[in-house]
Amino acid sequence: GIQVEQSPPDLILQEGANSTLRCNFSDSVNNLQWFHQNPWGQLINLFYIPSGTKQNGRLSATTVATERYSLLYISSSQTTDSGVYFCAGGNTGANSKLTFGKGITLSVRP
Amino acid sequence: NAGVMQNPRHLVRRRGQEARLRCSPMKGHSHVYWYRQLPEEGLKFMVYLQKENIIDESGMPKERFSAEFPKEGPSILRIQQVVRGDSAAYFCASSPRGVRGGELFFGEGSRLTVL
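This is how it looks when you write it as structure tokens:
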């Protein structure tokens, strides 16, 4: 099955800083999502981005499908950005599912 | 349009009891996925169901675990004779056409604690 690697595993930022989170896939995917799991455990959909670039406020994401990676950019980070960021990928085979990475734990300090 | 609804949000069971976790997908979604998250870990796939059918159960433990998604009503994840190692958060996700159809949406999870 697909292997998903996320880096760095942990990240500590000062409020206002920018960061880049990376996700690598072992095989081609044509479904790719980024999630934020907040400190209460809720999984929040950030982006559905099998290819290209999307932006939503201070967050943006880019997926280079041919090179099997995706990047999540957080600009002007806030303490509410803290939590765990997961990427997950899958292909459109008949029985496909999303495979998750281990997550990146982000702590934003005031 | 209500999101994916899971209940109970928290469940406490003693070893040997049964746990039943329910998931109502978003309206119009007929594809349901169950994932398990152990503390400090990512989400692990368990089972993929469509209405009345199990499509992929490759992530389900061979014993004590079962899942269904009947024609009417929510999807059920059932754990028989629970053990302490079953303590985890169980997340359900739904989509209109599965992974091929785009985004999966997750519920808030059911947190099982086995005493």
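Line order of the protein sequences matches chains A and B.
Under the numbering used here, the first residue of the first sequence is numbered 1, with each subsequent residue one higher.
Under the numbering used here, the first residue of the second sequence is numbered 1001, with each subsequent residue one higher.
Even glycine gets a Cβ: it sits at the ideal position worked out from N, Cα and C.
Owing to the predicted nature of the structure, the values given are computational and were not obtained by experimental measurement.
Item, Value
"Examine chain B for any beta-carbon lying closer than 8 Å to the beta-carbon of Gly52/A, and answer yes or no.", "no"
"Pull out every residue of the segment 1080-1095 of chain B whose Cβ sits closer than 9 Å to any Cβ of chain A, in chain order.", "Ala1089, Phe1091, Ala1093"
"Nearest to Phe86/A by CA position, among Leu98/A, Thr79/A, Gln78/A, is which residue?", "Leu98/A"
"By the DSSP assignment, the beta strand (DSSP E) with Thr63/A in it spans what residues?", "59-64"
"Determine the contact status of Val1047/B and Glu1063/B, defining contact as a CB-CB distance below 8 Å.", "no"
"Please go through the same chain and pick out, in chain order, the residues whose beta-carbon is closer than 8 Å to the beta-carbon of Gly101/A, but skip the five residues on each side of it.", "Val4, Glu5, Gln6, Cys23, Phe86, Cys87, Ala88"
"Identify the continuous beta strand (DSSP E) that holds Met1005/B and give its terminal residues.", "1005-1007"
"With distance defined between alpha-carbon atoms, name the residue in Val1082/B, Gly1098/B, Arg1013/B, Gln1017/B nearest to Trp1034/B.", "Gly1098/B"
"Classify Thr111/A as helix, strand or coil using the three-state DSSP reduction.", "The displayed coordinates of chain A run from 1 to 110. Any statement about residue 111/A would go beyond what the structure contains."
"For Ile1032/B, which residues in chain A fall below 7 Å Cβ to Cβ?", "At residue 1032/B the sequence reads Val, which differs from the Ile that was named. Residues of chain A passing the Cβ test: none, with the nearest at roughly 11 Å."
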